[in-house]
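In our numbering, the protein residues as written are 11 to 254.
Just so you know, even glycine gets a beta-carbon here, dropped at the ideal spot from N, CA and C.
All values derive from a computational prediction rather than experimental measurement.
Scroll down for the structure; my scribbles are underneath it.
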Ligand code: 6PG
């Protein structure tokens, strides 16, 4: 059974999730000295970022937080579509996280394939194991079932050795960098934030254990078993059958 937390609405989802995340980051740093956090793009995380930068700003030991991204749109860092820019504006510019702890995917003056290789090297310096093991990985769900920048039918879904690859998207911006399935699913904790009525169908599909991940990419997260939690608002959860 997938682990699903149903929240009243988008604000309640952000409030509950930010509280859990702040506590989890602080506890991880207390235990291990650092917390590796991978952010996602999209709109749903914005409210969470705002809460981390306000309500929870002084409860998080920011010098121990190391920030990465699970995917990035291949646009300049100051482009309005950049996931890095979004995170900077909503979170990172407002908290005392050291600049050296912030690791955006490279998108400037480099080919996408080189950017993917360079970011994989960045991750390999940060993690010593066979795969990166983020303490916390945040993801979203697209209306077509995509997660990170793994879109339906993408060859990137079949990658089993690389940690990061260049991939194309059927929506703008078309060129992306994304962590691969084995890299994403190696995370210690994965949280998928899903909000809004337009996600009803995608959510039902990706949580169906018969779903083909090549058609509904987020279904691939089931490989991470009970390390995945779905944070869903009521609007998005409308099509789910309550457990009997
Ligand atoms: C991106 C993403 C992507 C996103 C989903 C959900 O860079 O676009 O990381 O996978 O998380 O599309 O986005 P929303 O939160 O806007 O629905």
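Cα-Cα separation between residue i and residue j, rounded to whole angstroms
{"i": "residue 111", "j": "residue 48", "result": "12 Å"}
{"i": "residue 117", "j": "residue 124", "result": "9 Å"}
{"i": "residue 199", "j": "residue 46", "result": "11 Å"}
{"i": "residue 249", "j": "residue 18", "result": "15 Å"}
{"i": "residue 69", "j": "residue 30", "result": "12 Å"}
{"i": "residue 186", "j": "residue 32", "result": "29 Å"}
{"i": "residue 114", "j": "residue 173", "result": "15 Å"}
{"i": "residue 85", "j": "residue 183", "result": "8 Å"}
{"i": "residue 178", "j": "residue 129", "result": "17 Å"}
{"i": "residue 140", "j": "residue 180", "result": "31 Å"}
{"i": "residue 170", "j": "residue 237", "result": "20 Å"}
{"i": "residue 38", "j": "residue 131", "result": "24 Å"}
{"i": "residue 55", "j": "residue 197", "result": "18 Å"}
{"i": "residue 192", "j": "residue 93", "result": "22 Å"}
Integer Cβ distance of residue i from residue j, believed to fall under 8 Å
{"i": "residue 202", "j": "residue 188", "result": "With 8 Å as the limit, residue 202 and residue 188 do not qualify as a contact, their Cβ atoms being about 15 Å apart."}
{"i": "residue 80", "j": "residue 34", "result": "Going by Cβ atoms, the distance from residue 80 to residue 34 rounds to 17 Å, so no, they are not a contact pair."}
{"i": "residue 83", "j": "residue 91", "result": "5 Å"}
{"i": "residue 160", "j": "residue 227", "result": "4 Å"}
{"i": "residue 13", "j": "residue 239", "result": "5 Å"}
{"i": "residue 224", "j": "residue 167", "result": "6 Å"}
{"i": "residue 208", "j": "residue 153", "result": "5 Å"}
Cβ shell of residue i (< 8 Å), same chain only, five flanking positions each side left out
{"i": "residue 106", "result": "72 and 73"}
{"i": "residue 149", "result": "50, 80, 157, 158, 194, 200, 201, 202, 203, 228 and 231"}
{"i": "residue 21", "result": "57"}
Near the ligand 6PG: residue i beta-carbon under 7 Å from a heavy atom
{"i": "residue 81", "result": "yes"}
{"i": "residue 113", "result": "no"}
{"i": "residue 152", "result": "yes"}
{"i": "residue 167", "result": "no"}
{"i": "residue 156", "result": "yes"}
{"i": "residue 125", "result": "no"}
{"i": "residue 54", "result": "yes"}
{"i": "residue 50", "result": "yes"}
{"i": "residue 231", "result": "no"}
{"i": "residue 159", "result": "yes"}
{"i": "residue 149", "result": "yes"}
Close-in-space but distant-in-sequence residues of the same chain around residue i (CB under 7 Å, 5 per side omitted)
{"i": "residue 43", "result": "74"}
{"i": "residue 137", "result": "143"}
{"i": "residue 36", "result": "69, 70 and 71"}
{"i": "residue 95", "result": "87, 88 and 89"}
Beta-carbon proximity list for residue i, same chain, < 6 Å, skipping 5 on both sides
{"i": "residue 221", "result": "215 and 229"}
{"i": "residue 63", "result": "101, 104 and 105"}
{"i": "residue 204", "result": "151, 213, 242 and 246"}
{"i": "residue 58", "result": "24, 27 and 28"}
{"i": "residue 234", "result": "195 and 200"}
{"i": "residue 164", "result": "177"}
{"i": "residue 78", "result": "48 and 113"}
Residue i: CB within 7 Å of a non-hydrogen atom of the ligand HEM
{"i": "residue 163", "result": "You won't find the ligand HEM in this model; what it holds is the ligand 6PG."}
Q.
Quick check on the DSSP output: what are the complete alpha helix (DSSP H) runs of length 4 or more inside the stretch 213-246, in order along the chain?
A. none
**Q.** beta strand (DSSP E) segments (min. 3 residues) lying fully within the stretch 16-54
**A.** 45-49
Q) Can you list the beta strand (DSSP E) stretches of 3 or more residues lying completely in the stretch 136-195, in chain order? A) Taken in chain order, the complete beta strand (DSSP E) segments of 3 residues or longer contained in the stretch 136-195 are 146-150, 174-178 and 185-189.
Q) Could you give the uninterrupted runs of the alpha helix (DSSP H) lying entirely in the stretch 90-144, keeping only those of 4 residues or more? A) 93-100 and 122-136
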